[in-house]
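Asks:
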Amino acid sequence: AQSVSQHNHHVILSEAASLELGCNYSYGGTVNLFWYVQYPGQHLQLLLKYFSGDPLVKGIKGFEAEFIKSKFSFNLRKPSVQWSDTAEYFCAVTTGGGSYIPTFGRGTSLIVHP
Amino acid sequence: DVKVTQSSRYLVKRTGEKVFLECVQDMDHENMFWYRQDPGLGLRLIYFSYDVKMKEKGDIPEGYSVSREKKERFSLILESASTNQTSMYLCASSILARPGNQPQHFGDGTRLSIL
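Line by line, the protein sequences give chains A and B.
Numbering-wise (this note's numbering), the first sequence opens with residue -7 and increments by one.
Numbering-wise (this note's numbering), the second sequence opens with residue 312 and increments by one.
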């Protein structure tokens, strides 16, 4: 079974700092990759996804992620964070073999100080 | 826009009670899921369903059961609630797409406390 690792459990940044959250998965075949965000008191929502094509994916609110197949990674980036980016971020993977059941990472809690 | 509605935002129950958590989605999605979310553990899948009356166990099904009598509704049942089931419960739905590239849509969650 595949697994997903998010190495940064808690990240604290000041506004305007750059952000990179790591996500690594263990499956060797075709994958579909997702980043979800959960703002305080709100439901999880999709930030961006990758399933084919350009490995650099742009999402909402200025976020982007890069799929690097050789590194089994799908890191989330934002060049300049805002206080409103304070949230919990989850990476998720489904395999291309027909499984639609995602495996989630344990999440990264991001706090941005104004 | 997809709407996944969970019946309660907060719920307090006593040990031994039978507890029902309800979830309704309005987009005719085939797949529905129940997760529990605990700090540091992320989302753990309890049960999922890909069709009416169909259910599959997830990673942590012990102490839970589910019911899907209608396509839009997926219920989670705690047969005899225990304090270790105090948690945030999330319902999600998605389109049944074989490549697995469809995202999930989540409800707001039910924060359940078992006293």
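C-beta atoms are modelled at their ideal positions from N, C-alpha and C, and glycine is treated no differently.
Note that the coordinates shown come from a computational prediction; the quantities given were computed from them, not determined experimentally.
Could you tell me which of L426(B), H340(B), S391(B) sits nearest to S405(B), measuring between CA atoms?
Replies: H340(B)
Asks: Can you list the residues of chain A that N342(B) reaches, using a CB-CB cut of under 8 angstroms?
Replies: Y92
Asks: Going by DSSP, name the residue or residues bridged to M399(B).
Replies: In the DSSP output, where bridge partners are listed per residue, M399(B) has Q348(B), R422(B).
Asks: May I ask you to list the residues that DSSP assigns as paired with C427(B)?
Replies: No answer is possible for residue 427(B): the residues shown for chain B start at 312 and end at 426.
Asks: As a quick exercise: from N412(B), Q413(B), F385(B), pick the residue whose alpha carbon is nearest that of Y346(B).
Replies: Measuring from the Cα of Y346(B), the nearest candidate turns out to be F385(B).
Asks: DSSP state of S(-5)(A), grouped into three classes?
Replies: coil
Asks: Mind checking if V315(B) is an interface residue toward chain A, Cβ cutoff 9 angstroms exclusive?
Replies: Yes, contact with chain A.
Asks: Taking 7 angstroms as the limit between beta carbons, can you name the residues of its chain near V323(B), skipping five residues before and five after?
Replies: S424, L426
Asks: Have a look at L5(A) and S101(A) and give me their C-alpha separation to the nearest angstrom.
Replies: Taking the straight line from one Cα to the other gives about 11 angstroms.
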